[in-house]
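Below is one structure, written out as structure tokens; the observations come after it.
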Amino acid sequence: MTSDTAPSICQAYRASILYFKADPAFEQDASVWHEDGLLVVEHGRVKAVGDYAQLRPALPEGTAIREFHGKLLVPGFIDTHIHYPQTDVIASPARGLLPWLETYTFPAEHRFDDEAHAREVARFFLDELLRCGTTTAMVYCTVHPASVDAFFTESAQRGLRMAAGKVMMDRHCPSFLSDDAQSGLRASEELIGRWHNRERQMYAITPRFAATSSDMQLAAAGELARAHPDVFVQTHVAENTEEVAWVKSLFPEARSYLDVYDRYGLLRPRAMFAHCIWLDEHDRARMRETQAAAAICPTSNLFLGSGLFDFALADAARMPFSLATDVGGGTSFSMLQTMNEAYKVARMRGTHLPALRMFYLATLGSARCMQLDGTIGSFTAGAEADFIVLDPVATPLLARRTARAESLEELLFAFALLGDDRAVLATYSGGKCMHARE
Ligand code: GUN
Ligand code: ZN
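Take a look at the structure:
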């Protein structure tokens, strides 16, 4: 590999550079654009970013400059909801969420008690994320602690910043995937001790969803979360009407599906709730009050026929949300393809999602949802140097369309609607080149 794989040396990258300081839906001057920009990286962190002409003279003697002329350099994408053990069941058709789980997902997850299998899938999964420009993800493992060890081992070897956790589920699932409240708690505690904040690895307490956890298990997850305020929490909520009705029958005392989690103290900063399609006004207000965040998964929601997230209502409630793939319910690892479908979902709800907003949601917006702003998702000085280089001429069609782009918004929109892994020329994590397209 070239010398830019060594993170300890000062490196500079010349390209058109875009990043965010705020949410463009709510603030003026939320984005920063340098047409001819320079990103300076030292010891794996952002040292400076700005106009090439301004920064070039101040570079330390001998700094290598990597030229990406005509390319777009942005922070690495952050996927806030994805299942690595479902890599092999992507694109498996079913008549909705619950049959899909029974038919494909649970049998596939069974194999993750075998650490060698788990390691092999984790390797492929991480390579695929990097090929798509995703540098951080919130990842579900399976119920087996070995699946978490396998994942974090592979992630740590690559030096990636990832959040992941052992699925907790103690009912309404095959016996081969079941833990119990005590064993799930103990295993999760051990994994937190082993992995949380070990270099760039971060633990996420992961009760699968309310239907597969007993009251006792949800209470245990809530206790664990209280004991570890900086650990993440992740689960599913209000994805599918059948699932919502099932949860209502299992928890008749709860005001809503989201309220089941609220009662156990699981709504809080660093808690990520996937889907959130069938929330009501009160639920959205609770999300805002508690700073729990939503992971919106349009490719999955369309594929499984789950429903259309209402972006306008979420914004009106000022509820934190981000974009996510939800592979294997989701049909692509690419956050560009995820934007493509998000845009159409918004249209079906009568709203318009600007491309600038979608790029925010996939970078700084996700970092904020994870309370990791300042660390990833933007180029403030000292941030970890996770970034990608997008190629506007990656395919003949993309080249033809971007050549006619008359604004930054048009350029980003072309990437979002026509782009996928082919548009990602290079992916850097902690200043190291992790993927370079052939
Ligand atoms: N709800 C509970 N488990 C799952 C899962 O694995 N995928 C999706 N999309 N929804 C879920
Ligand atoms: Zn999911």
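Residue numbers (our numbering): -12 to 425. In this text, a Cβ means the ideal position worked out from N, Cα and C, and glycines have one as well.
Does DSSP classify Thr(-11) as helix, strand or coil?
-> Here residue -11 refers to the residue found at position 2 of the sequence shown. Unreliable placement is indicated for Thr(-11), whose pLDDT of 43 sits below 50; no coordinate value is reported for it.
Range covered by the beta strand (DSSP E) that runs through Glu54 = Numbered from 1 along the sequence shown, position 67 holds the residue referred to as residue 54. Unbroken beta strand (DSSP E) run through Glu54: 51 to 62.
Would you be able to state if there are at least three C-beta pairs under 8 Å between the region 367 to 383 and the region 303 to 317?
-> no
Could you give the uninterrupted runs of the beta strand (DSSP E) lying entirely in the region 268 to 312, keeping only those of 3 residues or more?
-> 280 to 283, 308 to 310
Nearest neighbour of Ala349, chosen from Val332, Glu397, Met322 [CA to CA] = Position 362 of the sequence shown, counted from the first residue, corresponds to residue 349. If we check each option's Cα against that of Ala349, Met322 comes out closest.
Rounded to whole angstroms, what's the CA-CA distance from Gln169 to Ala207? Just pull it up for me.
-> Within the sequence shown, the letter at position 182 stands for residue 169. Within the sequence shown, the letter at position 220 stands for residue 207. So the alpha carbons of these two residues sit roughly 8 Å apart.
Continuous alpha helix (DSSP H) stretch holding Gly209: start and end | One-based indexing of the sequence shown puts residue 209 at position 222. That run of the alpha helix (DSSP H) goes 202 to 214.
Please go through the region 145 to 199 and give each complete alpha helix (DSSP H) segment of 4 or more residues, from N-terminal end onward.
-> 168 to 182
Just tell me which of Phe374, Asp297, Phe290, Ala191 has its CA closest to the CA of Met357.
-> The sequence position of residue 357 within the sequence shown is 370, counting from 1. Considering only alpha carbons, the answer is Ala191.
Exposed or buried, Phe13, counting other C-beta atoms within 10 Å across all chains shown (16 or more means buried)?
-> The residue you call residue 13 lines up with position 26 of the sequence shown. Phe13 is exposed by the Cβ-count criterion.
Report the three-state DSSP secondary structure of Arg82 (helix, strand or coil).
-> Numbered from 1 along the sequence shown, position 95 holds the residue referred to as residue 82. Three-state result, Arg82: coil.
Tell whether a beta-carbon distance below 8 Å holds between Tyr347 and Ala17.
-> Position 360 of the sequence shown holds residue 347. Position 30 of the sequence shown holds residue 17. Contact: yes.
Minimum C-alpha distance to Trp87 - residue among Cys119, Glu102, Gly252, Leu291 | Taking the sequence shown and counting its residues from 1, the one referred to as residue 87 is at position 100. Considering only alpha carbons, the answer is Leu291.
Comparing the CB of Leu68 with every heavy atom of the ligand ZN, is any distance shorter than 7 Å?
-> For the purposes of this step, residue 68 is identified with residue 81 of the sequence shown, where counting begins at 1. Looking at the sequence shown, residue 68 is not Leu but His. Indeed, a heavy atom of the ligand ZN lies less than 7 Å from the Cβ.
Identify, in the order they occur along the chain, each residue of the same chain with its Cβ nearer than 7 Å to the Cβ of Arg110, setting aside the five sequence neighbours on each side.
-> Position 123 of the sequence shown, counting from 1, holds the residue named residue 110. So the list reads Glu141, once near-sequence residues are dropped.
Pro426: which of Gly171, His159, Pro94 sits nearest, CA to CA?
-> In the structure displayed, the chain extends from -12 to 425; residue 426 sits before or after that span and is not available.
Decide yes or no for the touch test of the region 225 to 240 against the region 66 to 86: beta carbon pairs closer than 8 Å, at least 3 of them.
-> yes
Measure the beta-carbon distance from Leu277 to Leu254 and round it to whole angstroms, keeping in mind my assumption that it falls under 8 Å.
-> The residue given as residue 277 occupies position 290 in the sequence shown. The residue given as residue 254 occupies position 267 in the sequence shown. The question names Leu, but residue 277 is Thr in the sequence shown. At roughly 4 Å, the Cβ-Cβ gap stays under 8 Å, so Thr277 and Leu254 are in contact.
Just the C-alpha distance for Leu377 and Leu5, rounded to the nearest angstrom, thanks.
-> Counted from its first residue, the sequence shown places residue 377 at position 390. Counted from its first residue, the sequence shown places residue 5 at position 18. Taking the straight line joining both Cα atoms gives about 11 Å.
Leu484 bridges to which residues according to DSSP?
-> The structure shown does not extend to residue 484, since the chain spans only -12 to 425, so no value can be given for it.
Counting along the chain, where does the alpha helix (DSSP H) carrying Leu245 start and finish?
-> Within the sequence shown, numbered from 1, the residue matching residue 245 stands at position 258. It spans 244 to 250 - the alpha helix (DSSP H) in which Leu245 sits, taken as one unbroken run.
Over what stretch of residues does the beta strand (DSSP E) that includes His97 continue unbroken?
-> Position 110 of the sequence shown holds residue 97. Not the beta strand (DSSP E): His97 falls in the alpha helix (DSSP H), residues 93 to 97.
Is Phe219 helix, strand or coil when you go by DSSP?
-> Counting from one through the sequence shown, the residue named residue 219 turns up at place 232. Of the three classes helix, strand and coil, the one that applies to Phe219 here is strand, per DSSP.
Could you check the C-alpha separation between Ala423 and Thr362 for me, to the nearest Å?
-> The count along the sequence shown starts at 1 and reaches residue 423 at position 436. The count along the sequence shown starts at 1 and reaches residue 362 at position 375. Going by the C-alpha atoms only, they are around 23 Å apart.
For the candidate residues Arg355, Phe99, Arg334, Val380, whose alpha-carbon lies nearest to that of Lys8?
-> Indexing the sequence shown from 1 puts residue 8 at position 21. It is Arg355.
Using only the heavy atoms of the ligand GUN, determine whether one of them is closer than 7 Å to the beta carbon of Leu84.
-> Within the sequence shown, numbered from 1, the residue matching residue 84 stands at position 97. Leu84 Cβ: within cutoff of the ligand GUN.
Terminal residues of the continuous beta strand (DSSP E) containing Leu426?
-> A query on residue 426 cannot be resolved here, the shown segment of the chain reaching from -12 to 425 and no further.
Sorry if obvious, but does the Cβ on Gly152 come closer than 7 Å to a heavy atom of the ligand ZN?
-> Position 165 of the sequence shown, counted from the start, is the residue given in the question as residue 152. Incorrect: Gly152 has no Cβ contact closer than 7 Å to the ligand ZN.
Can Met345 and Pro307 be called in contact, C-beta distance under 8 Å?
-> Residue numbering aside, residue 345 sits at position 358 when the sequence shown is read from its first letter. Residue numbering aside, residue 307 sits at position 320 when the sequence shown is read from its first letter. Going by C-beta atoms, Met345 is not nearer than 8 Å to Pro307.
Where Met259 and Ala381 are concerned, what is the direct C-alpha to C-alpha distance, given to the nearest angstrom?
-> As a first step, residue 259 is located in the sequence shown; it is residue number 272 there, counting from the start. As a first step, residue 381 is located in the sequence shown; it is residue number 394 there, counting from the start. Cα-Cα distance, rounded: 33 Å.
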